[in-house]
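S.K.: Going by my numbering, the sequence shown opens with residue 8, and the numbers climb by one from there.
C-beta atoms are modelled at their ideal positions from N, C-alpha and C, and glycine is treated no differently.
Submitted below is the structure of interest, expressed as structure tokens.
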Amino acid sequence: MESNGLATEHWLALLRIGIGLWWLESWRHKDKRAWLERGAGIDWAASVAEKHPWPVVRSSFARLVLPRKRAASYLVVYGELAIGLGLTLGLLTPLAAAAGLALNAAYFILMVKDWAEQGQNSMMALIQVVVLGTAAWQVWSLDAALGLF
8 MESNGLATEH
18 WLALLRIGIG
28 LWWLESWRHK
38 DKRAWLERGA
48 GIDWAASVAE
58 KHPWPVVRSS
68 FARLVLPRKR
78 AASYLVVYGE
88 LAIGLGLTLG
98 LLTPLAAAAG
108 LALNAAYFIL
118 MVKDWAEQGQ
128 NSMMALIQVV
138 VLGTAAWQVW
148 SLDAALGLF
């Protein structure tokens, strides 16, 4: 099906590229030195988790993330970069979209009281579900060029 000169799969590729660029912007605007050397992002997340209304979030963050602050910092910073590159370039797209969903779910749960963050994470998650559900890596992607998936 064609709309405005582009076939549906091209519009889906644009959606995939757009969410990839969104992830890359999230990575770009981070103070990577503060995140990676001091764990500043994890410190901020810990302050949010301490006040979280769900006890399981408070205890899980304290037990799982805080003892691994450096690893968690690297996971977030380089995870956002990998997700952004994967979706934008269409490389290992299903893995990138699934990782994006996982990171958005973590952000969504942590920021349960912040409706602005909830809206952004909900929209990002929805787009990644569409990318996965429609195989939006079939055109304009390295996956298609390499014959993957």
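1. Under the assumption that Val84 contacts Trp51 (Cβ atoms under 8 angstroms), give the Cβ distance between them as a whole number of angstroms.
2. Determine the direct distance from the alpha carbon of Glu57 to that of Gln145, and round the result to whole angstroms.
3. So, helix, strand or coil for Ala105, using DSSP?
4. Report the three-state DSSP secondary structure of Ala14 (helix, strand or coil).
5. Please classify Ala152 as buried or exposed, where buried requires at least 16 other C-beta atoms within 10 Å of its C-beta.
6. Who are the near neighbours of Ala47 in its chain, counting only those whose CB is closer than 6 angstroms to its CB and skipping five residues on each side?
7. Thinking C-alpha only, which one of Ile49, Arg65 and Lys39 is nearest Arg75?
8. Can the beta-carbon of Ala104 be found closer than 7 angstroms to that of Gln127?
M.R.: On the basis of the coordinates in this document:
1. Numbered from 1 along the sequence shown, position 77 holds the residue referred to as residue 84. Numbered from 1 along the sequence shown, position 44 holds the residue referred to as residue 51. The Cβ separation is near 13 angstroms, so there is no contact.
2. For this step, residue 145 is matched to residue 138 along the sequence shown. For this step, residue 57 is matched to residue 50 along the sequence shown. Each residue's Cα considered, the two are about 43 angstroms apart.
3. On the sequence shown, position 98 is the one that residue 105 refers to. In the three-state DSSP reduction, Ala105 falls in the helix class (H, G or I).
4. Locating residue 14 in the sequence shown gives position 7, counting from the first residue. It is a strand residue.
5. Here the question's residue 152 lines up with position 145 in the sequence shown. So Ala152 ends up on the exposed side.
6. The residue you call residue 47 lines up with position 40 of the sequence shown. In the same chain as Ala47, and ignoring 5 residues on each side of it, the C-beta atoms closer than 6 angstroms to its own belong to Ala41, in chain order.
7. Residue 75 sits at position 68 when you count from the first residue of the sequence shown. Minimum Cα distance to Arg75 is reached at Ile49.
8. On the sequence shown, position 97 is the one that residue 104 refers to. On the sequence shown, position 120 is the one that residue 127 refers to. With contacts defined as CB atoms closer than 7 angstroms, Ala104 and Gln127 fail to qualify as a contacting pair.
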